[in-house]
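If you read the protein sequences in the order shown, they are chains E and P. Each residue of the first sequence is one higher than the one before, counting from -14 in our numbering. Each residue of the second sequence is one higher than the one before, counting from -10 in our numbering. Below is one structure, written out as structure tokens; the observations come after it.
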Amino acid sequence: MEHYYSIAGLRLLAVYEGGGGYFKKRMAQYECEPFGKADISVYYTFTDENPALPEDAAPCGGGSIVSYYTTNGGYALCNVDKTLGMTNLACANAGWSRIDITLRRLEDVICGIDEVDTRRMFFMLGTCMETAVLFFGRMVLHASSIAHKGEGLCVSAASGMGKSTHTGLWRKTRGSVIVNDDKPIISFEDGKPYLCGSPWAGTTGINTNIIVPLRAVVVLSRAEENSISPLSQTLAIHRILKESPHQCLPEAALLFLERVDALVGSVPVYGLKCNITPEAVDTVEERIWSK
Amino acid sequence: MKIKDGFVLRKVGGQYVAVATGARMMDFNAMISTNETGAFLWELLKKGADRAELAAAMTAEYDVSEKDAAEDIDEFLRQLRDAGIAE
Chain E
-14 MEHYYSIAGL RLLAVYEGGG GYFKKRMAQY ECEPFGKADI SVYYTFTDEN PALPEDAAPC
46 GGGSIVSYYT TNGGYALCNV DKTLGMTNLA CANAGWSRID ITLRRLEDVI CGIDEVDTRR
106 MFFMLGTCME TAVLFFGRMV LHASSIAHKG EGLCVSAASG MGKSTHTGLW RKTRGSVIVN
166 DDKPIISFED GKPYLCGSPW AGTTGINTNI IVPLRAVVVL SRAEENSISP LSQTLAIHRI
226 LKESPHQCLP EAALLFLERV DALVGSVPVY GLKCNITPEA VDTVEERIWS K
Chain P
-10 MKIKDGFVLR KVGGQYVAVA TGARMMDFNA MISTNETGAF LWELLKKGAD RAELAAAMTA
50 EYDVSEKDAA EDIDEFLRQL RDAGIAE
């Protein structure tokens, strides 16, 4: 059955059988009316055995969670469980306009995780989208992000540094909207960046389906006193690359660098030293929104 | 000397940035930034140019003496070798 979504202005078609469970719930905000041609079409298949890599798949690296391959027709990526082997496989064409996701049914194999199969549908697509959006003029940033007075702010930092706590203070003290708490999508129109909600939002899962012009990027680090200052372009590039998901595929890495170039060329990047208090919000708002 | 497989280079802002991809990410998790001359040499090294070819290309492309070109190339190659980017 066909399901239609609009994410960061991309028309996404997902084709799967059954009710969708966890996947359907997490994607609900982004459902839209049926459209003609999709930008990205995703086809799900469930199997009783582990899926097999395409015969022409050549390893292209990866980490402990995801392994990447190139194939004659495009790319493949998979998750390998230490005990169960390769249970999740996605194959994409060269332009990432078609993604085929094959998942081994694990409802009867793994106990203690609700909706394990539809959960994997959701997260496997999220992994694919981090690469796919690059082929459609967009990028994923590792940041918690808000919409404030109709404009977007991305707060980037290493995991555990307090970016979600900081944006939580914006929500609490200013009523700002959390656009995405972990991995927002940045789109570009006429060279201007836009902050876009997307359903893949880290451990908190907080996200809102809105698109707002991006006002600034802040790279957060902890300090006793609050201070904010613009980063040099060199440092901004360095910090953004350091905190961003690393691209395994060479084509994707080049596209990511292209987007970073567009980003630092169009919005200011600030270094924020802060303690996690409401006064840190005052410091940022005064600097970025008082101009 | 040659740039190892797995690195990509692109102009970002006013500089050129190289990052590792694929299996190379396992042993190189950083970014390298260089200027236009470094990017020029990088592209030649990727094609397998040797030191003499680099020097010839650099003096043809830039207004630089053979001596200065040789010194710059040696320094650039040393930096790439020390960083584990070239072999």
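Using N, Cα and C, we set each Cβ at its ideal position, and we do this for glycine too. In this text the structure is predicted, and so the values were computed from the model without any measurement.
For E:Met71, name the three-state secondary structure that DSSP assigns.
Position 86 of the first sequence, counted from the first residue, corresponds to residue 71 of chain E. Looking at E:Met71 - three-state DSSP - the assignment turns out to be strand.
Is the shortest distance between the beta-carbon of P:Thr23 and the beta-carbons of chain E less than 9 Å?
Translated into the one-based positions of the second sequence, residue 23 of chain P becomes position 34. No, no contact with chain E.
Verify the CB distance criterion: does P:Ala75 have a CB-CB separation below 9 Å to chain E?
For this step, residue 75 of chain P is matched to residue 86 along the second sequence. No, P:Ala75 lies away from the interface with chain E (no Cβ there is under 9 Å from its Cβ).
Tell me the residue span of the beta strand (DSSP E) that contains E:Ser26.
As a first step, residue 26 of chain E is located in the first sequence; it is residue number 41 there, counting from the start. First-last of the beta strand (DSSP E) with E:Ser26: 25 to 32.
Round the Cβ separation of E:Cys63 and E:Ser49 to the nearest angstrom and send it over; I've been treating them as touching at under 8 Å.
Taking the first residue of the first sequence as 1, we reach residue 63 of chain E at position 78. Taking the first residue of the first sequence as 1, we reach residue 49 of chain E at position 64. The Cβ separation is near 13 Å, so there is no contact.
Report the rounded CA-to-CA distance for E:Glu136 versus E:His151, giving the unit in angstroms.
Position 151 of the first sequence, counted from the first residue, corresponds to residue 136 of chain E. Position 166 of the first sequence, counted from the first residue, corresponds to residue 151 of chain E. Distance between the alpha carbons of E:Glu136 and E:His151 is about 17 Å.
Is E:His127 close to chain P? Criterion is C-beta to C-beta, closer than 9 Å.
The residue given as residue 127 of chain E occupies position 142 in the first sequence. So, not an interface residue.
Along the stretch 12 to 37 of chain P, where does the CB come closer than 9 Å to a CB of chain E? Name the residues.
Ala12, Arg13, Met14, Met15, Asn18, Ala19, Met20, Ser22
In angstroms, rounded to a whole number, what distance separates the CA positions of P:Thr23 and E:Val94?
Translated into the one-based positions of the second sequence, residue 23 of chain P becomes position 34. Translated into the one-based positions of the first sequence, residue 94 of chain E becomes position 109. Between P:Thr23 and E:Val94, the C-alpha separation is close to 51 Å.
Cβ-Cβ separation, P:Ala9 to P:Phe(-4) (assumed contact under 8 Å), whole Å
Residue numbering aside, residue -4 of chain P sits at position 7 when the second sequence is read from its first letter. Residue numbering aside, residue 9 of chain P sits at position 20 when the second sequence is read from its first letter. Yes, they are in contact, since the Cβ atoms of P:Phe(-4) and P:Ala9 sit about 6 Å apart, within 8 Å.
Check whether chain E comes within 9 Å of P:Gln68, counting only Cβ atoms and requiring the distance to be less than that.
One-based indexing of the second sequence puts residue 68 of chain P at position 79. No, its Cβ sits nowhere closer than 9 Å to a Cβ of chain E.
9 Å Cβ cut-off: residues of chain P touching E:Thr219
Here residue 219 of chain E corresponds to residue number 234 of the first sequence, with the count starting at 1. Within 9 Å Cβ-Cβ: Gly2, Gly3, Gln4, Ser22.
Residues of chain E with CB closer than 8 Å to the CB of P:Lys(-3), please, in chain order.
Within the second sequence, residue -3 of chain P is the residue found at index 8, counting from 1. The sequence given here has Val at residue -3 of chain P, not Lys. Residues of chain E passing the Cβ test: Pro235, Ala238, Leu239, Leu242.
Among the residues of its own chain, which have a CB less than 7 Å from the CB of E:Ser214, if the five just before and after it don't count?
As a working mapping, residue 214 of chain E is identified with position 229 in the first sequence. So the qualifying residues of the chain are Tyr255, Gly256.
For a cutoff of 9 Å on Cβ pairs, would you count E:Leu226 as touching chain P?
Mapped onto the first sequence, residue 226 of chain E falls at position 241. At least one chain P Cβ lies under 9 Å of E:Leu226.
Once the 5 residues before and after E:Tyr(-10) are set aside, which same chain residues still bring their CB inside 7 Å of it?
Here residue -10 of chain E corresponds to residue number 5 of the first sequence, with the count starting at 1. For E:Tyr(-10), where only same-chain residues beyond five positions count, the Cβ hits under 7 Å are Leu(-3), Ala(-1), Met12, Tyr15, Glu16, Cys17.
Length of the line joining the Cα atoms of E:Ala237 and E:Phe120
The residue you call residue 237 of chain E lines up with position 252 of the first sequence. The residue you call residue 120 of chain E lines up with position 135 of the first sequence. Near 8 Å, if we compare the C-alpha coordinates of E:Phe120 and E:Ala237.
Short check: CB of E:Ser130 to CB of E:Pro178, under 9 Å?
Within the first sequence, numbered from 1, the residue matching residue 130 of chain E stands at position 145. Within the first sequence, numbered from 1, the residue matching residue 178 of chain E stands at position 193. Contact flag unset, no.
E:Leu199, buried or exposed, once every other Cβ within 10 Å from all chains shown has been counted against 16:
Here residue 199 of chain E corresponds to residue number 214 of the first sequence, with the count starting at 1. Answer is buried; the Cβ neighbour count reaches 16.
Using DSSP's beta-bridge definition, name the partner residues of E:Arg224.
Against the first sequence, residue 224 of chain E aligns to sequence position 239. Paired residues: none, contrary to the question.
Between E:Ser183 and E:Ala(-7), which are expected to be in contact by the criterion C-beta below 8 Å, what is the C-beta distance as a whole number of angstroms?
Counted from its first residue, the first sequence places residue 183 of chain E at position 198. Counted from its first residue, the first sequence places residue -7 of chain E at position 8. Between E:Ala(-7) and E:Ser183 the Cβ distance is about 6 Å, and since that is below 8 Å, they are a contact.
Please classify E:Ser129: does DSSP put it in a helix, a strand, or coil?
Within the first sequence, residue 129 of chain E is the residue found at index 144, counting from 1. Here E:Ser129 sits in strand by DSSP.
Roughly how many angstroms lie between the CA atoms of P:Phe17 and P:Ala7, to the nearest whole one?
In the second sequence, counting from the first residue as 1, residue 17 of chain P sits at position 28. In the second sequence, counting from the first residue as 1, residue 7 of chain P sits at position 18. Using only the alpha carbons, I get a separation of about 11 Å.
Rounded to the nearest angstrom, how far is the Cβ of E:Asn35 from that of E:Met71, given a contact under 8 Å?
Taking the first sequence and counting its residues from 1, the one referred to as residue 35 of chain E is at position 50. Taking the first sequence and counting its residues from 1, the one referred to as residue 71 of chain E is at position 86. 5 Å between Cβ atoms; contact.
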